[in-house]
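Asker: Chains as they are written, first to last, in numbering that gives the first Met the number 0: chain U, 0 to 322; chain S, 0 to 324.
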Amino acid sequence: MTTADLINKILQVVIALAAFAAVVGLLLFLIDKAPKRGRDWIQLAAFLLPAVILLSIGLIYPAIRTSIDSFYNAKDQFVGFENYVWAFTQPAGLISLRNTLIWVVLVPTLSTGIGLAYAVFIDKSRGERIYKSLVFMPLAISFVGAGIIWRFVYEYRGAGNEQIGLLNQIVVWFGGEPVRWLQGEPWNNVFLIIVMIWIQTGFAMVVLSAAIKGVPAEQMEAAELDGTNPWQRFVNVTLPGIRGSLVVVVTTITIATLKVFDIVRTMTAGNYNTSVVANEMYTQAFRAGESGRGAALALILFLMVLPIVIYNIRVMRGQKEIR
Amino acid sequence: MSVAPVDLPIPGAKKGTDTFELAERGSKTKRVKRRLTSRTATVVSLFIAVIWTIPTFGLLVSSFRPEEQIKTTGWWTLFQNWGLTLENYREVLFSSSVSSPQLGSYFVNSLAITIPATIFPLVIASMAAYAFAWIPFRGSNALFVLIFALQIVPLQMALIPLLQIFSRGIVIGGATIIPGLPQGTYMQVWIAHTIFALPLAIFLLHNFISEIPREVIEAARVDGASHGQMFFRIVLPLALPAIASFGIFQFLWVWNDLLVALIFSGGTADVAPLTQRLAELTGSRGQEWQRLTAAAFVSLIVPLIVFFSLQRYFVRGLLAGSTKG
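#1: Should residue 67/U go down as buried or exposed, given a rule of 16 or more other Cβ atoms within 10 Å for buried?
#2: Quick one: give me the first and last residue of the alpha helix (DSSP H) that residue 55/S is part of.
#3: With distances taken from CA atoms, which of 146/U, 185/U and 287/U is nearest residue 264/U?
#4: Among all the DSSP beta bridges, which residues are the ones paired with residue 71/U?
#5: Alpha carbon to alpha carbon, what distance is there between residue 41/U and residue 194/U?
#6: What residue range is occupied by the uninterrupted beta strand (DSSP E) comprising residue 176/S?
#7: Please list the terminal residues of the continuous alpha helix (DSSP H) segment that includes residue 246/U.
#8: Is the CB-CB distance between residue 27/U and residue 56/S below 9 Å?
#9: With the cut-off set at 9 Å, would you say residue 199/U and residue 110/U are in Cβ contact?
#10: Can you say whether residue 304/S is buried or exposed, counting buried as having 16 or more other CB atoms within 10 angstroms of its CB?
#11: Using the three-state DSSP reduction, which class does residue 134/S fall into: helix, strand or coil?
#12: Within 9 Å of any Cβ in chain S, is that where the Cβ of residue 46/U sits?
#13: Over what stretch of residues does the beta strand (DSSP E) that includes residue 170/S continue unbroken?
#14: Out of 294/U, 311/U and 240/U, state which residue places its alpha-carbon closest to the alpha-carbon of residue 79/U.
#15: Would you decide whether residue 273/S is buried or exposed? Buried here means 16 or more other CB atoms lie within 10 Å of its CB.
#16: Distance cutoff 9 Å, beta carbons only. Does residue 108/S sit that close to anything in chain U?
#17: Does residue 76/U get closer than 9 Å to chain S when you measure Cβ to Cβ?
#18: Can the beta-carbon of residue 156/S be found less than 9 Å from the beta-carbon of residue 61/U?
#19: Please list the partners that residue 87/S has in chain U, where partner means a Cβ-to-Cβ separation under 8 Å.
#20: Along the stretch 13-43 of chain U, what residues have a CB closer than 7 Å to any CB found in chain S?
#21: Taking only beta carbons into account, state which residues of the stretch 152-182 of chain U come closer than 7 Å to chain S, listed in chain order.
#22: Candidates 154/U, 177/U and 308/U: which alpha carbon is nearest residue 54/S's?
#23: What does the alpha-carbon distance come out to for the pair residue 181/S and residue 263/S?
#24: Who are the neighbours of residue 107/U on chain A, taking C-beta pairs under 7 Å?
#25: List, in chain order, every chain U residue whose beta-carbon is nearer than 8 Å to that of residue 231/S.
#26: Measuring straight from C-alpha to C-alpha, what distance separates residue 218/U and residue 40/S?
#27: List the residues of chain U that residue 305/S touches, going by C-beta distances under 8 Å, in chain order.
#28: Under the rule that 16 or more other beta-carbon atoms within 10 Å means buried, what is residue 249/S, buried or exposed?
#29: Quick one: any contact between the stretch 87-98 of chain U and the stretch 160-176 of chain U, if contact means 3 or more CB pairs under 8 Å?
#30: Give the straight-line distance between the Cα atoms of residue 12/U and residue 47/S, rounded to the nearest whole angstrom.
#31: Could you name the residues of the stretch 66-91 of chain S whose beta carbon sits closer than 9 Å to any beta carbon of chain U, in the order they occur along the chain?
#32: Any idea what DSSP makes of residue 110/U, helix, strand or coil?
#33: So what does DSSP say about residue 261/U, is it helix, strand or coil?
#34: Can you tell me the Cα-Cα spacing of residue 236/S and residue 128/S, whole angstroms?
#35: Indicate the three-state DSSP secondary structure (helix, strand or coil) for residue 83/S in the structure shown.
#36: Where does residue 96/U sit, in a helix, a strand or coil, going by DSSP?
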């Protein structure tokens, strides 16, 4: 990078910010000077139209367009449901659907389970904050960064060589043969999934920990006086008390998992039969030039996410009302 | 009390719904301090904490080890094979040789993308949220619900058509209404991120801005303040905590994003952010661990600083924004 490049980049940002500030400032200044007649509408438009225009161009129109495109092939010929048939019959489509299913079963259950156990175990213990930070930290890390971190853990060196990947070293310590973790089907999917679990557990833990602290102390004490053991208290008092938060955590992680892309892209790029729907969508639309197939996969993704998002929003709203 | 996931601070509301504040309050109450199980719980939680930390720790240690040692020995043998160096970082950041990652340039790009892509949507969303909350008009509710509902559209559905719009401009019936955007600038990435952030941002900020006491707004109106003045002098300052929370979330989201960058940046050192460069490096130089480890940490350092210094706000923003994407 030369100094000229750097100056050019800084200039771009400064000019953009200044132009943006000027436009917004001018807009809000001018509407105060607008003619009395119709001033209300001009003011409303000034506040609302920027967002409405951007959303129309950037989300509403594209979503409709993508839905239409999914019925056309790469040569712009109408092909009916052919792209969908492709997704549900050809290996590339089928494998990504199968893998997405595996992801969506394993990630929410395991990260919520581990996160909940951890939250319960560290509740009111000494150093709770530090415990929390450690497991929470991966959430701040990009999926790409996480991909590199875990590729390093999974790194393979031939038997007899010194291992540099921690997982293979542990296998060797126990007298086993080193393994190419990311290449052997179908387990390589699990090793990718572990990365997602590693990231999402912190989210589950923080939300559930807050929920656990919201369970009334009196209920706990009453249960204790009744002579219940800790496990019974957990099942009969804690779990019902945090049900709402549990639902939100599971659905939120499910949505994130359905859309997972970066991890697969960085770690295997979808090779060795590890592709998922979001990755296959990218591969088809932007690598293979099959925009119709990509659009169909995007729509399939939309249809998978749709019911969960609606359910999630309803639970969230319900909770807000309770509060 | 259940914990609402959409939990931006509300002025005047009782404090303490923040998770970490809750943690403190919980320990201060007089409740009987008996833990579920004592020893097993400690051992298990320690075990989990260690497993969760070791991968990152291993990468951090390795990024300071000389190339030939990274490639031949495990980082856990650091003490048998002693040697620490800053060479990897110097190489990935500043080396100008063609084969090196030249991350300096991409680091600047990440910043140059993230800062405007955080500010733009926040301002536009605040304005829209203000209109929905305090400018009554017919169809206000319906429009708000529509924008809220846009959250369910996955990014993937918008990518191809939006890219076409960016490159061709908006053409209606052969007439170019708006020309395409220039290549090789940040413009496409900024606008894409701004658009994708809007539904959630408008929704959350509206929740907050509509909670501002009616008397405050009315008083200003009686004093003759216009909408523009009220927005700048009253609403923005009062909504600052919510804006900050969402701002942090958006900052991290953009900084860590790969998909939007892949599609709208063009992939050159002129525009592409760190994440894209890293993804590229893992593909083309997947065995160059001396570079990958250091490069990964260059990209992690900013989010980690934000995370550790603003953890409480980060939690809020994250809980509020976790359904984005």
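Backbone N, C-alpha and C fix where the C-beta goes; we use that ideal spot for every residue, glycine too.
Answerer: Let me spell this out:
#1: exposed
#2: 38-62
#3: 146/U
#4: 77/U
#5: 51 Å
#6: 174-177 is the span of the beta strand (DSSP E), which, as asked, contains residue 176/S.
#7: 242-257
#8: It is not a contact, given that the beta carbons lie outside the stated cut-off.
#9: yes
#10: The Cβ neighbour count for residue 304/S, taken over all protein chains shown within 10 Å, is under 16; the residue is labelled exposed.
#11: Assigned with DSSP and collapsed to three states, residue 134/S falls in coil, not helix or strand.
#12: yes
#13: 169-171
#14: 294/U
#15: That one is buried.
#16: When Cβ-Cβ separations below 9 Å define contact, residue 108/S makes contact with chain U.
#17: For residue 76/U, no CB of chain S lies under 9 Å from its own CB, so it is not counted at the interface with that chain.
#18: In terms of Cβ geometry, residue 156/S and residue 61/U form a close pair [threshold 9 Å].
#19: Ordered by position in chain U, no residue passes the 8 Å Cβ test against residue 87/S, which lies about 13 Å from the chain.
#20: Against chain S - using a Cβ distance shorter than 7 Å - the residues of the stretch 13-43 of chain U are 15, 16, 19, 23, 27, 28, 30, 31, 42 and 43.
#21: Of all residues in the stretch 152-182 of chain U, those with a C-beta nearer than 7 Å to a C-beta of chain S are 152, 161, 162, 163, 165 and 168, reading in chain order.
#22: Checked all of 154/U, 177/U and 308/U; the closest Cα to residue 54/S is 154/U.
#23: 11 Å
#24: Reference to chain A is not applicable here, since the protein chains of this structure are U and S.
#25: 27
#26: 22 Å
#27: 139
#28: buried
#29: no
#30: Approximately 43 Å between the Cα atoms of the pair.
#31: 69, 70, 71, 72, 73, 74, 75 and 76
#32: helix
#33: Helix at residue 261/U.
#34: 14 Å
#35: coil
#36: helix
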